[in-house]
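The structure appears below as structure tokens.
There are 2 protein chains.
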Amino acid sequence: MKKSVLINKNIPDGKGRECILLLSGGLDSSTLLACLTRRNWIVNALTFNYGQKHSIEIKLSKKLSKHFSCKRHIIFDLPLNRIVKSALTSPSIKVPAGGTSKGIPVTYVPARNLIFLSIAVAWAETTGIKDIFIAVSSVDFSGYPDCREAFINSFEEVAQVATKMGVEDQKIKIHAPLMHLSKRETILMGLEAGLDYFLTSSCYNPDKKGKPCGKCDACLLRKKGFEESGFKDPRIEKW
Amino acid sequence: MKKSVLINKNIPDGKGRECILLLSGGLDSSTLLACLTRRNWIVNALTFNYGQKHSIEIKLSKKLSKHFSCKRHIIFDLPLNRIVKSALTSPSIKVPAGGTSKGIPVTYVPARNLIFLSIAVAWAETTGIKDIFIAVSSVDFSGYPDCREAFINSFEEVAQVATKMGVEDQKIKIHAPLMHLSKRETILMGLEAGLDYFLTSSCYNPDKKGKPCGKCDACLLRKKGFEESGFKDPRIEKW
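Protein sequence lines, in the order shown, are assigned to chains A and B. Quick note on my numbering: the first sequence kicks off at 1183 and runs consecutively. Quick note on my numbering: the second sequence kicks off at 1183 and runs consecutively.
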């Protein structure tokens, strides 16, 4: 494959500007980090410690932000597990084996991306940064409402009326460049950017060392993506 | 004045339903709490410890939620002061004397109500509550963009597309019944509900015991409201 073809096609050129990236340490946001760096963005990473069971991703986000030379990286403590019920945060709700549920699965965390983006907007206003990136996709996804394009568009509108930046006619742009990419395409793009996928964790239910369960929705989507890409997943291979 | 005239005119009847109220412990949200209780709402109060200098309001919110028999009261830790700069959260920025600044003042906290409402939506989804109250007003206010009706309307839209409740066609309603009330009207309504305004603090810069400075925007707006109401402010009188 020709170098950076997918990156140049899907990621806007930063031209040396700063952006904020919601970085979970999962496959998608880590791919986006790698590609943004390639496309001349100076990345400020924002990671949430929201009481997720799979907190291994926070450790990985630190390695990733260091590896890709983020300008700043904030791990923001947000005790969401105090007010929400979700298989990702509640000890009493088991992470289910994937592919079985209809509709929105129990791994849905109420209003998660709404809250995460709102906090990103606060940081953007403070730093004067106008570009916020989020690695949601509505292809090969778990059916979460806050991963759809309609949500991103609506959020961009509310961010504009909620803020001083908006009142002063400075446009806050929410970029979701993976929105229409399959997992396969996302992975191929990350490989173009030289991302070592061993540094990313998708599993909702890893063991203490971070080994993925191989059964949850996130593991199945990742597995499908790697199979279709023709590459092996180092996160599976290296254990 | 006939009892509950203003309350009945401005606050919808809860008919025994539950709601979530963003309760700061300031004049407006405390008034709303008192009135909601009168209007047959079962109130779940949500207060944010976001690093505000005037944290006296958090202590007062606890007294208020107890006094008005809230079903639940969550004090939510949100380290906003890590990522925003504002006279309300940054030690290096002084709270200015009021009435002097043009445009949006330095006491503006970036995206505050956007974040607070987003977290309220997460709690609403988890508890199945569909009514969220916020005590913003665009009359006699400090010029914050996130206190305007345009913001509330836009937020209601994004809450609908961001959530499972929205996808399932359950309407999440953001109520801002003080939006078009002057401080005078708000105070008269609170007095109808029997609120002791000594239990509420508006000042951005109180002393350690909670005594208001009398000079900041919030103090001046409150002073004007009480003067126009014809009543004395017990928060001023009782020191």
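The beta carbon of each residue, even a glycine, is placed where N, CA and C say it ideally should be. Since the model is a prediction, treat every value here as computed from it, not as a measurement.
Would residue i pass as an interface residue toward chain B - the criterion being a Cβ-Cβ separation below 8 Å?
| i | result |
| --- | --- |
| V1266 (chain A) | yes |
| F1380 (chain A) | no |
| F1323 (chain A) | no |
| E1200 (chain A) | no |
| Y1386 (chain A) | no |
| I1356 (chain A) | no |
| V1340 (chain A) | yes |
| I1240 (chain A) | no |
| P1394 (chain A) | no |
| A1288 (chain A) | Residue 1288 (chain A) is actually Val in this sequence, not Ala. Taking Cβ atoms only, chain B never reaches closer than 8 Å to V1288 (chain A), which makes this a no. |
| P1292 (chain A) | yes |
| V1343 (chain A) | yes |
| I1256 (chain A) | yes |
| S1336 (chain A) | yes |
| D1480 (chain A) | Look at the range of chain A in this structure, 1183 to 1421, and you will see that residue 1480 (chain A) is not part of it. |
| D1259 (chain A) | yes |
Are the C-beta of residue i and some C-beta of chain A separated by less than 8 Å?
| i | result |
| --- | --- |
| V1349 (chain B) | yes |
| D1389 (chain B) | no |
| I1224 (chain B) | no |
| A1332 (chain B) | yes |
| N1295 (chain B) | yes |
| K1346 (chain B) | yes |
| L1270 (chain B) | no |
| N1230 (chain B) | Here residue 1230 (chain B) turns out to be Phe, not Asn, going by the sequence shown. Answer no: the Cβ-Cβ gap between F1230 (chain B) and chain A never drops below 8 Å. |
| F1250 (chain B) | no |
| F1315 (chain B) | no |
| L1262 (chain B) | yes |
| S1383 (chain B) | no |
| S1300 (chain B) | yes |
Rounded to whole angstroms, how far is the Cβ of residue i from the Cβ of residue j, which I believe are closer than 8 Å?
| i | j | result |
| --- | --- | --- |
| N1231 (chain B) | L1260 (chain B) | 7 Å |
| K1312 (chain A) | I1356 (chain A) | Going by Cβ atoms, the distance from K1312 (chain A) to I1356 (chain A) rounds to 10 Å, so no, they are not a contact pair. |
| V1343 (chain B) | S1336 (chain A) | 5 Å |
| L1218 (chain A) | I1193 (chain A) | 7 Å |
| D1322 (chain B) | N1295 (chain B) | Contact flag wrong, Cβ pair sits at about 17 Å. |
| G1285 (chain B) | L1402 (chain B) | That pair is no contact at about 17 Å. |
| P1278 (chain B) | G1325 (chain B) | About 13 Å; that fails the 8 Å criterion. |
Within a Cβ cutoff of 7 Å, which residues of the same chain sit near residue i, ignoring the five residues on either side of it in sequence?
| i | result |
| --- | --- |
| A1400 (chain B) | S1384, C1385, Y1386 |
| K1245 (chain B) | L1381 |
| G1233 (chain A) | P1261, L1262, N1263, T1271 |
| E1367 (chain A) | L1188 |
| E1307 (chain A) | T1345, K1346, M1347 |
| L1302 (chain A) | The residue asked about is misnamed: residue 1302 (chain A) is Ala in this sequence, not Leu. Counting only Cβ-Cβ distances below 7 Å, and skipping sequence neighbours, we find I1202, L1204, L1228, I1314. |
| F1408 (chain A) | I1369, K1414, D1415 |
| L1242 (chain A) | G1207, L1381, T1382, S1383 |
| L1377 (chain B) | S1212, T1213, A1216 |
| K1276 (chain B) | A1269 |
| V1266 (chain B) | V1291, P1292 |
| N1222 (chain B) | D1195, G1196, K1197, G1198 |
Going by beta carbon distance, what residues of the same chain come within less than 6 Å of residue i, once the five residues before and after it are set aside?
| i | result |
| --- | --- |
| I1256 (chain B) | L1228 |
| R1330 (chain B) | S1320 |
| A1358 (chain B) | I1316, V1318, I1334 |
| S1212 (chain A) | L1246, T1382 |
| S1268 (chain B) | V1291 |
| G1396 (chain B) | none |
| R1220 (chain B) | I1189, A1375 |
| V1349 (chain B) | none |
Looking only at its chain, what residues have a beta carbon closer than 8 Å to the beta carbon of residue i, apart from the 5 residues adjacent to it on each side?
| i | result |
| --- | --- |
| H1236 (chain A) | L1270, S1383, C1385, Y1386, N1387, P1388 |
| I1224 (chain A) | G1196, G1198, R1199, E1200, C1201, K1253 |
| W1305 (chain B) | I1202, N1226, L1228, I1256, I1311 |
| E1339 (chain B) | none |
| F1298 (chain B) | L1204, L1228, F1230, I1316 |
| K1420 (chain B) | F1380 |
| H1249 (chain A) | L1381 |
Anything in chain C within Cβ reach of residue i, meaning under 8 Å, just list it in chain order.
| i | result |
| --- | --- |
| P1327 (chain A) | Absent from the structure: chain C. Protein chains present are A and B. |
Q.
If the cut-off is 7 Å on Cβ atoms, which residues from the stretch 1302-1313 of chain A count as contacting chain B, listed in chain order?
A. So the close ones are V1303, A1304, W1305, E1307, T1308.
Q: Name, going along the chain, the residues of the stretch 1204-1216 of chain A whose beta-carbon falls closer than 8 Å to a beta-carbon of chain B.
A: Flagged: no residues at all.
Q.
Suppose only complete runs of 3+ residues qualify. What are the beta strand (DSSP E) ranges in the stretch 1291-1373 of chain B, listed by chain order?
A. Counting whole runs of 3 or more residues, the stretch 1291-1373 of chain B contains the beta strand (DSSP E) stretches 1313-1315, 1355-1357.
(Q) Using a Cβ-Cβ cutoff of 8 Å, what residues of the stretch 1274-1285 of chain B are near chain A? List them in chain order. (A) Within the stretch 1274-1285 of chain B, no residue has a Cβ that lies closer than 8 Å to any Cβ of chain A.
Q: Could you name each continuous beta strand (DSSP E) segment of 3 residues or more that falls completely within the stretch 1205-1275 of chain B, going from the start of the chain to the end?
A: Taking only runs of at least 3 residues, the beta strand (DSSP E) segments lying wholly in the stretch 1205-1275 of chain B are 1224-1231, 1254-1259.
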